[in-house]
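Visitor:
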Amino acid sequence: MAGNDDDRELFVSIVALVISLIALFGTLLQVLQTYFASSAAGFARCGVKTMGEWGKFTRRKFKPSDLRFEVEFETPVIFLAPPNNVKGPVPNEPIWYMDGSEDSYKETRTLLPNVDKEQREKRSQKELIHTADNERASWVELLAVIQKMESDSEYWQRMFYYKDPGNRVPPKFGERTLAVAVQKKIKSWDTSKTPYKSPIPPKRSGGHAMSPPVTCVSVMQFLRWMLTEDAEVPSSMTKPYATTTMCHLIELAAVLGLHWKEFSRSHNKYRAEGNGYMLTGAPVSDLGLVFTFQKTGRTLFEENRVIPKDEIKQLCFGVVPTIFCTTQEDEERLKFPFDQPEDLTTLQLGSSREIADTLTVMGCNTNTVNCFLGDEKNKKATIHLFPVAFEVLGMLGRTLHASCSGFRMLPNPTIYHWDKNKFSMWKLLSAYEDKIEVAANIPENVQIMKIKKNLELIFKARGNRPESEFTVAILDALHHSLDSTDNFLTKMVQEYLVCGVLRVHFETVLHLMNDINGKRPFDGLNKDTPEHRQIQFIDIYFDEVRPEAVRNAPKRRFAAPTSAGANAVSLPPTAKDGANAVSPSPTAKDDDDTKALVTRHTGFEGDDKLNTIWCALVFRMLCWLLLHDFHKNDVQLSKSELLGSRLPVYIV
Numbered sequence: 001m002a003g004n005d006d007d008r009e010l011f012v013s014i015v016a017l018v019i020s021l022i023a024l025f026g027t028l029l030q031v032l033q034t035y036f037a038s039s040a041a042g043f044a045r046c047g048v049k050t051m052g053e054w055g056k057f058t059r060r061k062f063k064p065s066d067l068r069f070e071v072e073f074e075t076p077v078i079f080l081a082p083p084n085n086v087k088g089p090v091p092n093e094p095i096w097y098m099d100g101s102e103d104s105y106k107e108t109r110t111l112l113p114n115v116d117k118e119q120r121e122k123r124s125q126k127e128l129i130h131t132a133d134n135e136r137a138s139w140v141e142l143l144a145v146i147q148k149m150e151s152d153s154e155y156w157q158r159m160f161y162y163k164d165p166g167n168r169v170p171p172k173f174g175e176r177t178l179a180v181a182v183q184k185k186i187k188s189w190d191t192s193k194t195p196y197k198s199p200i201p202p203k204r205s206g207g208h209a210m211s212p213p214v215t216c217v218s219v220m221q222f223l224r225w226m227l228t229e230d231a232e233v234p235s236s237m238t239k240p241y242a243t244t245t246m247c248h249l250i251e252l253a254a255v256l257g258l259h260w261k262e263f264s265r266s267h268n269k270y271r272a273e274g275n276g277y278m279l280t281g282a283p284v285s286d287l288g289l290v291f292t293f294q295k296t297g298r299t300l301f302e303e304n305r306v307i308p309k310d311e312i313k314q315l316c317f318g319v320v321p322t323i324f325c326t327t328q329e330d331e332e333r334l335k336f337p338f339d340q341p342e343d344l345t346t347l348q349l350g351s352s353r354e355i356a357d358t359l360t361v362m363g364c365n366t367n368t369v370n371c372f373l374g375d376e377k378n379k380k381a382t383i384h385l386f387p388v389a390f391e392v393l394g395m396l397g398r399t400l401h402a403s404c405s406g407f408r409m410l411p412n413p414t415i416y417h418w419d420k421n422k423f424s425m426w427k428l429l430s431a432y433e434d435k436i437e438v439a440a441n442i443p444e445n446v447q448i449m450k451i452k453k454n455l456e457l458i459f460k461a462r463g464n465r466p467e468s469e470f471t472v473a474i475l476d477a478l479h480h481s482l483d484s485t486d487n488f489l490t491k492m493v494q495e496y497l498v499c500g501v502l503r504v505h506f507e508t509v510l511h512l513m514n515d516i517n518g519k520r521p522f523d524g525l526n527k528d529t530p531e532h533r534q535i536q537f538i539d540i541y542f543d544e545v546r547p548e549a550v551r552n553a554p555k556r557r558f559a560a561p562t563s564a565g566a567n568a569v570s571l572p573p574t575a576k577d578g579a580n581a582v583s584p585s586p587t588a589k590d591d592d593d594t595k596a597l598v599t600r601h602t603g604f605e606g607d608d609k610l611n612t613i614w615c616a617l618v619f620r621m622l623c624w625l626l627l628h629d630f631h632k633n634d635v636q637l638s639k640s641e642l643l644g645s646r647l648p649v650y651i652v
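Residue numbering for the sequence shown is 1 to 652, as defined by the UniProt record's numbering.
#1: With a cut-off of 8 angstroms on the beta carbons, I'd call residue 625 and residue 390 a contact; round off their distance for me.
#2: How about residue 308 and residue 255: do their beta carbons lie closer than 9 angstroms?
#3: Quick check: what's the CA-CA separation for residue 251 versus residue 478?
#4: Pick from 46, 375, 53 and 320: whose alpha carbon is nearest that of residue 59?
#5: Using 10 angstroms around the beta-carbon of residue 662, count the other beta-carbons present and answer buried if the total reaches 16, otherwise exposed.
#6: Between residue 152 and the rest of its own chain, which residues show a CB-CB distance below 6 angstroms, the 5 nearest in sequence each way excluded?
#7: Do you know whose CA, among 170, 540, 509 and 13, lies nearest residue 364's CA?
#8: At the level of alpha carbons, what is the spacing between residue 611 and residue 436?
#9: Leaving out five residues on either side along the sequence, give the residues of the same chain with a beta carbon under 6 angstroms from the beta carbon of residue 546.
#10: For a test of the three-state rule: what should DSSP assign to residue 465, helix, strand or coil?
#11: Please report the straight-line C-alpha distance between residue 86 and residue 93, rounded to a whole angstrom.
#12: Can you tell me which of 110, 84 and 65 puts its alpha carbon nearest to the alpha carbon of residue 75?
#13: Select from 476, 448 and 464 the residue whose C-alpha is nearest the C-alpha of residue 618.
#14: So, helix, strand or coil for residue 494, using DSSP?
#15: In terms of residues, what are the limits of the alpha helix (DSSP H) holding residue 480?
#16: Only counting the same chain, and skipping five residues up and downstream in sequence, which positions put a Cβ closer than 8 angstroms to that of residue 640?
#17: What does DSSP give as the partner residues of residue 61 in its beta bridges?
#18: Starting from residue 381, follow the beta strand (DSSP E) in both directions and report where the run begins and ends.
#19: Run through DSSP, which three-state label would residue 249 get?
#20: Whose C-alpha, out of 82, 411, 450 and 531, is nearest the C-alpha of residue 179?
#21: Starting from residue 358 and walking both ways along the beta strand (DSSP E), at which residues does that stretch end?
#22: Count the C-beta pairs between the region 383–403 and the region 506–523 that are closer than 8 angstroms, then say yes if the count reaches three, no if not.
#23: Quick check: the Cα distance between residue 643 and residue 306, rounded to an integer number of angstroms?
#24: Where do the N-terminal and C-terminal ends of the beta strand (DSSP E) with residue 303 fall, by residue?
#25: Of the residues 489, 361, 161 and 500, which one's Cα is nearest the Cα of residue 324?
#26: For the putative contact between residue 293 and residue 651, defined by C-beta atoms under 8 angstroms, what is the C-beta separation to the nearest angstrom?
#27: How many Å lie between residue 502 and residue 362 at the Cα?
#28: For residue 481, count the other beta carbons within 10 Å of its own beta carbon; 16 or more makes it buried, fewer makes it exposed. Which is it?
#29: Should residue 541 be labelled buried (16 or more other beta-carbon atoms within 10 Å of its own) or exposed?
#30: Counting only the same chain and skipping the five closest in sequence on each side, list residues whose C-beta sits under 7 angstroms from that of residue 586.
#31: Output the distance between the C-alpha atoms of residue 381 and residue 514, rounded to the nearest integer angstrom.
#32: Grouping DSSP H, G and I as helix and E and B as strand, with all else coil, what is residue 286?
#33: For residue 269, tell me which candidate among 276, 281 and 275 has the shortest Cα-Cα distance.
#34: For residue 10, is the classification buried or exposed, using 16 other Cβ atoms within 10 angstroms of its Cβ as the cut-off for buried?
#35: Below 8 angstroms on the Cβ atoms is my contact criterion, and I expect residue 140 with residue 52 to pass it. Report the Cβ-Cβ distance as a whole number of Å.
#36: Assign residue 29 to one of two classes, buried (16 or more other C-beta atoms within 10 Å of its C-beta) or exposed (fewer than that).
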């Protein structure tokens, strides 16, 4: 009997061992299934269908510290910089500048348009049903669009040049000061991981908890928790994302021809549209601001392409470098936000308050400044043929057109629409040419003769072409005229005289537009015929604005603001200023050395200098607004404080 009992116990033990091994094997299978299911989900989300060519670099990597595998993938970090820049946001990674060439497509892992089209056509009907277009991350489309922009615009520029060649070939990609750059960044696709909870142990009769029993189920739960990935990507994210910063995203939107329709940080609503694309943004918990890029219609990257110059970064935020911004210190100051302009090296035009601050720095009186600060009920007129803000921009803004280039488009730094249907810049320039020949008290000096010569060259280059048609010769003639005028305004006359004429000019213009008791000559522009409107405008400027500017502009250094600040008093220049030097006080009878009269240059007598400065400023304004252009739907939404912002944002 004892032997039978032993045999029975052995048999039961063997059966129990087999059952335990089967249970252990099943547990291991469940653990492996958990691992493969979790990693497979992350791997699929970072595959070719979602990330395009970037998905080919997705891989699994074992983490010894956690005894598990994780999914690693590479995504782009997008930023804007000059093509010769060698420092990027990701250390020790190559920088790929997107120039639209085949090599650039390969570097940035972007399919050529014909290859991408072939791949889409080869998909089976079943794949098309189960792989919706929105499954692909929108930044993949964004990279393709940037390459298309560079490729199409470069082709258009070549055709534009060869149609009517100029003196020099168009600038090459490496000669530009602005390009879109990409660096790769390695990330891991990790989902949320909750703390491990051990099984609830049974309680002893005394109420104290017992140690949890070690069972196959508890082992399986622990192993499953160990294999669950750590949190890096929020669980709400279903696609890998590209990274950029707020300032670079705003600049990139402008480069692609998008205009902000909604930009509300208080309500977390961001939307830009234009050129067949839409960019929308909203906050995502545990991550930050997330944007989506979508194609909505036809796109074009030809003459509407934004000028690829570094200065357009500032224009995206309503900040404009001027002809007085010449030192490296001034350039560095433009890279970061500031409360209000300290001098006329920069203009801020991104809101009514900023325009008012700019006029304050210029030295304008309170009545002039308040024209931009009234509420809707007490709103003052600030638009004649076009908004006065564009007049400020044209008189002082730095020339951004590149010589021999056909691109004229800029982001609009003002809060006003640029509607060319209401006036003609060519007719204004023609009326100016006629008026400067017959107007009274126009001095016959070297600078006036240069203006007349430049006008002759501009209209000779234009010929009988339609107003909307531009050639290399026309653009170069306008560019040369601006260079010549800038040389006079910044090197041949004192800056405080230029600022003084500017101040009185805008005080007079805004007074004539809002004079309640007196005549308001600009009101007649709306009643005049389109053909005569421009002539009447120039007549008002020469016959009513110019005399006031010459009569009331300061002729003493202490009376007007300069680029040293609105309230600053300029000190006498040193001997190196040469012809621009101010004569020192001849006797001790003078109350203040700063009140010494300015020594006049040869060819300038009395008010002739101020007359010439005024004519040069108006001529510059007309040429600048002809050489540059703005999209009619583009207006500035106030965001100057985001200039240079490195707040991370994400594109999914």
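Every residue gets a Cβ at the ideal spot worked out from N, C-alpha and C, and that includes glycine.
Guide: Per the coordinate set shown:
#1: In the sequence shown, counting from the first residue as 1, residue 625 sits at position 625. In the sequence shown, counting from the first residue as 1, residue 390 sits at position 390. Under the criterion of beta carbons closer than 8 angstroms, residue 625 and residue 390 qualify as touching, at roughly 6 angstroms.
#2: Taking the first residue of the sequence shown as 1, we reach residue 308 at position 308. Taking the first residue of the sequence shown as 1, we reach residue 255 at position 255. Yes, the Cβ-Cβ distance between residue 308 and residue 255 is below 9 angstroms.
#3: What you label residue 251 is simply residue 251 of the sequence shown in a count that begins at 1. What you label residue 478 is simply residue 478 of the sequence shown in a count that begins at 1. Between residue 251 and residue 478, the C-alpha separation is close to 27 angstroms.
#4: Here residue 59 corresponds to residue number 59 of the sequence shown, with the count starting at 1. Per the Cα distances, 46.
#5: Examination of residue 662 is not possible in this model, given that the chain is present from 1 through 652 alone.
#6: Here residue 152 refers to the residue found at position 152 when the sequence shown is read from its first residue. Take residue 152, set aside five residues on each side of it, and the residues of its chain with a beta-carbon closer than 6 angstroms to its own are 301, in chain order.
#7: Translated into the one-based positions of the sequence shown, residue 364 becomes position 364. For residue 364, the nearest C-alpha among the options comes from 509.
#8: As a first step, residue 611 must be located in the sequence shown, where it is residue number 611. As a first step, residue 436 must be located in the sequence shown, where it is residue number 436. About 11 angstroms.
#9: Residue mapping note: residue 546 aligns to position 546 of the sequence shown, counting from 1. Counting only Cβ-Cβ distances below 6 angstroms, and skipping sequence neighbours, we find 614.
#10: Against the sequence shown, residue 465 aligns to sequence position 465. Of the three classes helix, strand and coil, the one that applies to residue 465 here is coil, per DSSP.
#11: Here residue 86 is taken as the residue at index 86 of the sequence shown, counted from 1. Here residue 93 is taken as the residue at index 93 of the sequence shown, counted from 1. Whole-angstrom Cα-Cα distance: 10 angstroms.
#12: Counting from one through the sequence shown, the residue named residue 75 turns up at place 75. The shortest C-alpha separation from residue 75 is found at 110.
#13: Here residue 618 corresponds to residue number 618 of the sequence shown, with the count starting at 1. Closest option to residue 618, judged by alpha-carbon separation, among 476, 448 and 464: 448.
#14: Residue 494 sits at position 494 when you count from the first residue of the sequence shown. When secondary structure is reduced to three states using DSSP, residue 494 falls in the coil class, being assigned neither helix nor strand.
#15: Here the question's residue 480 lines up with position 480 in the sequence shown. Where residue 480 is concerned, the enclosing alpha helix (DSSP H) stretches over 472–487.
#16: Walking along the sequence shown from the start, residue 640 turns up at place 640. Cβ neighbours of residue 640 within its own chain (closer than 8 angstroms, five residues either side excluded): 317, 318, 319, 337, 348, 350, 351 and 354.
#17: Within the sequence shown, residue 61 is the residue found at index 61, counting from 1. Under DSSP, the beta-bridge partners assigned to residue 61 are 70.
#18: The count along the sequence shown starts at 1 and reaches residue 381 at position 381. For residue 381, no beta strand (DSSP E) segment is defined, and its DSSP state is neither H nor E.
#19: Counting from 1 along the sequence shown, the entry for residue 249 is found at position 249. Here DSSP, grouped into helix, strand and coil, assigns residue 249 to helix.
#20: Working through the sequence shown from its first residue, we reach residue 179 at position 179. Considering only alpha carbons, the answer is 82.
#21: Position 358 of the sequence shown holds residue 358. Per DSSP, residue 358 belongs to no beta strand (DSSP E); it is in the alpha helix (DSSP H), 352–362.
#22: Between the region 383–403 and the region 506–523, the count of Cβ pairs shorter than 8 angstroms is three or higher; the stretches touch.
#23: As a working note, residue 643 is residue 643 in the sequence shown. As a working note, residue 306 is residue 306 in the sequence shown. In this structure, the CA atom of residue 643 is about 19 angstroms from the CA atom of residue 306.
#24: The residue you call residue 303 lines up with position 303 of the sequence shown. Per DSSP, residue 303 lies in no beta strand (DSSP E) segment and is marked neither H nor E.
#25: The sequence position of residue 324 within the sequence shown is 324, counting from 1. Put simply, of 489, 361, 161 and 500 the residue whose alpha carbon is nearest the alpha carbon of residue 324 is 489.
#26: As a working mapping, residue 293 is identified with position 293 in the sequence shown. As a working mapping, residue 651 is identified with position 651 in the sequence shown. Contact flag correct, Cβ pair sits at about 6 angstroms.
#27: Your numbering for residue 502 matches position 502 in the sequence shown. Your numbering for residue 362 matches position 362 in the sequence shown. The alpha-carbon atoms of residue 502 and residue 362 are separated by roughly 8 angstroms.
#28: Position 481 of the sequence shown, counted from the first residue, corresponds to residue 481. Flag for residue 481 reads buried.
#29: Mapped onto the sequence shown, residue 541 falls at position 541. Flag for residue 541 reads buried.
#30: The residue labelled residue 586 in the question sits at position 586 within the sequence shown. A caution first: residue 586 carries a pLDDT of 36, below 50, which makes its placement in the model unreliable, though a value can still be read off. Around residue 586, the same chain offers no residue with a beta carbon nearer than 7 angstroms, after the five sequence neighbours per side are excluded.
#31: Translated into the one-based positions of the sequence shown, residue 381 becomes position 381. Translated into the one-based positions of the sequence shown, residue 514 becomes position 514. Each residue's alpha carbon lies about 6 angstroms from the other.
#32: What you label residue 286 is simply residue 286 of the sequence shown in a count that begins at 1. In this structure, residue 286 counts as coil in the three-state DSSP scheme.
#33: Here residue 269 is taken as the residue at index 269 of the sequence shown, counted from 1. Of the candidates 276, 281 and 275, the one whose C-alpha sits nearest the C-alpha of residue 269 is 281.
#34: Here residue 10 is taken as the residue at index 10 of the sequence shown, counted from 1. That one is exposed.
#35: Along the sequence shown, read from residue 1 onward, the residue named residue 140 stands at position 140. Along the sequence shown, read from residue 1 onward, the residue named residue 52 stands at position 52. About 4 angstroms; that satisfies the 8 angstroms criterion.
#36: Within the sequence shown, residue 29 is the residue found at index 29, counting from 1. Exposed, because fewer than 16 other Cβ atoms sit within 10 Å of the Cβ of residue 29.
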